[in-house]
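This report concerns only the one structure given below.
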Amino acid sequence: MPAPVFRTLEGLAPYEETVTAMAAHAAAIRNGGAGEEVWLLEHHSVLTGGTSSRPEDLVNPGGIPVHQTGRGGQWTWHGPGQRVAYVMLDLQRRNPDVRAYVHALEGWIIDVLASFGIDGRRRDGHPGIWVDGDGRMDKVAAIGVRISRWVTWHGIAVNLDPSMDGFGAIIPCGVRDGGVTSLRRLGLDIDMATLDAALTDSFAAHFPEPRDG
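Okay, so the sequence shown: first residue is 0 according to numbering that gives the first Met the number 0, each after it adds one.
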């Protein structure tokens, strides 16, 4: 199987249409009609609730569109300035282990942040990548995945330089003892293309070529 193809979607991608396209591509992978891909994109401002989202954590959406989605996890916000990576891989050909897959996603983002001098880390019981904040841990990247017949979809969201207002509409990921931050707030002044290059370059180390057969 060839290495996954990275595709960068220009402009702001509408959430529902993008998820529909992603679901179709994941189904095509399962049926042998498409190869693995990683989509890099930004969404219009949107609040999304995963399969574990709680109504009480949707605090004040205001005019932000709200969508329930089939990924794991709770509430998050997507919008301009945040890099979303939708990862569609065939774990049956790679390693059919959900925990190992999420661990690899986290390791991928940790390595990307380390390449820019940022100490990202895992936090027990709270998926995503965290950094030291002001007396608390702050999340800089969220993870929410769905796996259908061992094909992955959805993925990760890295806060490069978004408006943080959208996160005020929710309890992000249901975590009340942590905050949310961005690479820009951490002092990193890079553009999206630079982040994309690091994401692309670091990927293979965490997702080696699938086995044959």
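We put the CB at the ideal spot given by N, CA and C, even for glycine. A quick note: this is a predicted structure, and the numbers were derived from the prediction, not measured.
Tell me where the beta strand (DSSP E) around Arg201 begins and ends.
Strictly speaking, residue 201 in this sequence is Ser, with Arg absent from that position. For Ser201, there is no enclosing beta strand (DSSP E); the residue is part of the alpha helix (DSSP H) that begins and ends at Met191 to His205.
Please classify Ser147: is it buried, with 16 or more other beta-carbons within 10 angstroms of its beta-carbon, or exposed?
By the neighbour-count rule (16 or more Cβ atoms within 10 Å), Ser147 is not buried but exposed.
Cutoff 6 Å; reference Leu112; Cβ partners in own chain excluding five residues on either side
Closer than 6 Å at the Cβ level, and outside the excluded window around Leu112, lie Gly119.
Let's test the definition: count the other Cβ atoms within 10 Å of the Cβ of Arg53 and tell me whether it reaches 16, buried, or not, exposed.
Exposed is the call here.
Which residue wins for smallest C-alpha separation from Ala156, given the options Asp188, Ala22, Gly116 and His42?
Distances from the alpha-carbon of Ala156 to those of Asp188, Ala22, Gly116 and His42 put His42 closest.
Residue burial classification, Asn158 (beta-carbon count within 10 angstroms, cutoff 16)
By the 10 Å Cβ count, Asn158 comes out buried.
Measuring alpha carbon to alpha carbon, tell me which residue in Gly132, Trp152 and Asp190 is nearest Thr17.
Among Gly132, Trp152 and Asp190, the Cα nearest to that of Thr17 belongs to Trp152.
Completely contained alpha helix (DSSP H) runs for the stretch 61–130, where each covers 4 or more residues:
Within the stretch 61–130, the complete alpha helix (DSSP H) runs of at least 4 residues are 97–114.
Please report the distance separating the alpha-carbon of Pro3 from that of Asp160.
Between Pro3 and Asp160, the alpha-carbon positions lie close to 27 Å from each other.
Would you mind stating whether Arg135 and Gly80 have Cβ atoms separated by less than 8 Å?
Not closer than 8 Å, so no.
What do you reckon, are the CB atoms on Ile117 and Leu194 nearer than 8 Å?
In this structure, Ile117 sits away from Leu194, with a CB-CB distance that is not shorter than 8 Å.
Going by the DSSP bridge assignment, what does Trp38 pair with across the sheet?
DSSP output for Trp38 lists Arg6 and Tyr85 as bridge partner(s).
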